[in-house]
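Undergrad: Sharing a structure below in structure tokens format, with a few things to ask.
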Amino acid sequence: MNSHRQHDRCLPSSLAHSPTAEAMDGPKQRAQDNSNSSAPSLIDLPTDIHVQLVSYLDFRDLQMLRATSTYFRSLFSESEITKARRDYIQALQQKEVDEVLMDQERKLSVQTLGAVPENNEPDLRLTCYTCLRLLSTQNFADTQVMRRRRKGHADAWKRFCNECAIQENRWEPGITLSFQRRTMIYCRRCRAIRRVPANETLRTFGLCQDCCDDTGISRFEKSYIFDWYEAKMLIDRFFSRYNSSRVVVTEEDWLQLENELSKLGQQT
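The letter at position 37 of the sequence shown is residue 37 when you use full-length UniProt numbering, and the numbering goes up by one with no holes.
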């Protein structure tokens, strides 16, 4: 233990910028407090040993380790973390390319041998390059799994899942999207991916079927006196005050919008 503490006082110059003095004093103090312990812990090891051990982790494991304590979170600089993430993404991309090539070789071998291909392939799972999770294709819009963003293709690294799209504000509220060849809408009111209204005119409002029912818009579906263009302009003006998808629309504003739409529907 004494040799460990002496070694910890002389850190390599390459690590001088990474941990703060306070962060490094933490494990030292704990090592002193536990000097009488018969079983030293991982934190008792010198900092350069920690750096060497952490170098065997990939980016996701490194992030989980950094979440355990302030010491491990400050062990590396932000530039080093950024580089680790970039290298990890490149490795994931190359893995996708290799899997696609192996799949093509397998199919070619089956065709050459004239064998019947097995019909027990597992569901396709793809990487979201924002959260770095491996997810089923049901968690992606069709635009994220087709053409250049298909598995192993040039722009696959731009692929993002539905959850990340909502959290990162990558979709404009009211946009219609295709999921498994089914048309859905990212509702401007509930900010969720829901079914589109059955009536094509109602779709122009950017609301899902449930929100059209809640706001009373669906009641005007067959009204000949209802000015659809005026209603769309009214809704567009209303949502212009809520450009950010993180802003919650108050219930009072919704009641005011419903009253204005009702008045518009009563006009002759």
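Note that CB positions come from ideal geometry on N, CA and C, so glycine has one too.
Mapping the DSSP letters down to three states, classify F72 as helix, strand or coil.
TA: Walking along the sequence shown from the start, residue 72 turns up at place 72. Note: F72 maps to helix in three-state DSSP.
Undergrad: Kindly give me the distance between the Cβ atoms of I185 and C208, rounded to whole angstroms, as I take these residues to be in contact under 8 angstroms.
TA: For the purposes of this step, residue 185 is identified with residue 185 of the sequence shown, where counting begins at 1. For the purposes of this step, residue 208 is identified with residue 208 of the sequence shown, where counting begins at 1. Sure, about 5 angstroms apart at Cβ, within 8 angstroms.
Undergrad: Determine the burial state of P46: buried for a count of at least 16 other Cβ atoms within 10 Å of its Cβ, exposed for fewer.
TA: Position 46 of the sequence shown, counted from the first residue, corresponds to residue 46. P46 comes out buried.
Undergrad: Alpha carbon to alpha carbon, how far is D58 from Q167? Give it in angstroms, no decimals.
TA: The residue you call residue 167 lines up with position 167 of the sequence shown. The residue you call residue 58 lines up with position 58 of the sequence shown. When rounded, the distance between both Cα atoms is 25 angstroms.
Undergrad: Is L62 near A84, with beta carbons less than 8 angstroms apart?
TA: Position 62 of the sequence shown, counted from the first residue, corresponds to residue 62. Position 84 of the sequence shown, counted from the first residue, corresponds to residue 84. A contact, by the Cβ cut-off of 8 angstroms.
Undergrad: Going by other Cβ atoms of all chains shown within 10 Å of its Cβ, with 16 needed for buried, is P173 buried or exposed?
TA: Taking the first residue of the sequence shown as 1, we reach residue 173 at position 173. Taking every protein chain shown into account, the CB of P173 has 16 or more other CB atoms within 10 angstroms, so this residue is buried.
Undergrad: Could you tell me whether the region 132 to 139 touches the region 104 to 113, using the rule of 3 or more Cβ pairs below 8 angstroms?
TA: no
Undergrad: State the start and end residues of the unbroken beta strand (DSSP E) segment that holds F59.
TA: As a working mapping, residue 59 is identified with position 59 in the sequence shown. That residue, F59, is in no beta strand (DSSP E); its alpha helix (DSSP H) goes 59 to 66.
Undergrad: Spatial neighbours of Q144 within its chain, please: C-beta separation below 7 angstroms, excluding the five flanking residues on both sides.
TA: By one-based count along the sequence shown, residue 144 stands at place 144. Hits under 7 angstroms: R159, F160.
Undergrad: Straight-line CA distance for A39 to F76?
TA: What you label residue 39 is simply residue 39 of the sequence shown in a count that begins at 1. What you label residue 76 is simply residue 76 of the sequence shown in a count that begins at 1. Roughly 27 angstroms between the two C-alpha positions.
Undergrad: Whose C-alpha, out of T201, R189, E230, T137, is nearest the C-alpha of Q180?
TA: Residue 180 sits at position 180 when you count from the first residue of the sequence shown. Nearest of T201, R189, E230, T137 to Q180, Cα basis: T137.
Undergrad: Please report the distance separating the alpha-carbon of K95 from that of I43.
TA: Within the sequence shown, residue 95 is the residue found at index 95, counting from 1. Within the sequence shown, residue 43 is the residue found at index 43, counting from 1. I43 has its alpha-carbon roughly 34 angstroms from the corresponding atom of K95.
Undergrad: Whose C-beta lies closer than 6 angstroms to the C-beta of A31 among residues of the same chain, with five residues either side of it excluded?
TA: Here residue 31 refers to the residue found at position 31 of the sequence shown. Caution applies to A31, whose pLDDT of 48 falls short of 50 and renders its modelled position unreliable; the value that the coordinates give is listed next. Answer for A31: D44, listed in chain order.
Undergrad: Going straight from the alpha carbon of L177 to that of R148, what length do you get?
TA: As a first step, residue 177 is located in the sequence shown; it is residue number 177 there, counting from the start. As a first step, residue 148 is located in the sequence shown; it is residue number 148 there, counting from the start. In a straight line, the C-alpha of L177 is about 18 angstroms away from that of R148.
Undergrad: Taking only runs that begin and end inside the region 183 to 231, name each unbroken alpha helix (DSSP H) of 4 or more residues, in chain order.
TA: Here the runs fully enclosed are 200 to 203, 209 to 215.
Undergrad: Can you tell which of E200, Y129, M102 has the C-alpha that lies nearest to the C-alpha of R60?
TA: Position 60 of the sequence shown holds residue 60. Considering only alpha carbons, the answer is Y129.
Undergrad: Specify, as a first and last residue, the run of the beta strand (DSSP E) that S240 falls within.
TA: Along the sequence shown, read from residue 1 onward, the residue named residue 240 stands at position 240. Where S240 is concerned, there is no enclosing beta strand (DSSP E), because DSSP gives it neither an H nor an E.
Undergrad: Whose C-alpha, out of I193, A67, R241, S41, is nearest the C-alpha of N139?
TA: Indexing the sequence shown from 1 puts residue 139 at position 139. Closest option to N139, Cα to Cα, is I193.
Undergrad: Exposed or buried, what is I175 when buried is set at 16 or more other beta-carbons lying within 10 Å of its beta-carbon?
TA: For the purposes of this step, residue 175 is taken as residue 175 along the sequence shown, with counting starting at 1. Around the C-beta of I175, fewer than 16 other C-beta atoms lie within 10 Å, and the residue is accordingly described as exposed.
Undergrad: Would a C-beta distance cut-off of 8 angstroms place T215 and L261 closer than the cut-off?
TA: In the sequence shown, counting from the first residue as 1, residue 215 sits at position 215. In the sequence shown, counting from the first residue as 1, residue 261 sits at position 261. Their beta carbons are under 8 angstroms apart, which means T215 touches L261 by this criterion.
Undergrad: Taking W157 and Q93 to be in contact with their CB atoms under 8 angstroms, please state how far apart those CB atoms are, rounded to whole angstroms.
TA: Reading the sequence shown from its first residue, position 157 is the one you call residue 157. Reading the sequence shown from its first residue, position 93 is the one you call residue 93. The C-beta distance from W157 to Q93 rounds to 6 angstroms, short enough to meet the 8 angstroms contact threshold.
Undergrad: Compute the Euclidean distance between the alpha carbons of M102 and F205, then round it to the nearest angstrom.
TA: In the sequence shown, residue 102 corresponds to position 102, counting from 1. In the sequence shown, residue 205 corresponds to position 205, counting from 1. Roughly 46 angstroms separates the two Cα atoms.
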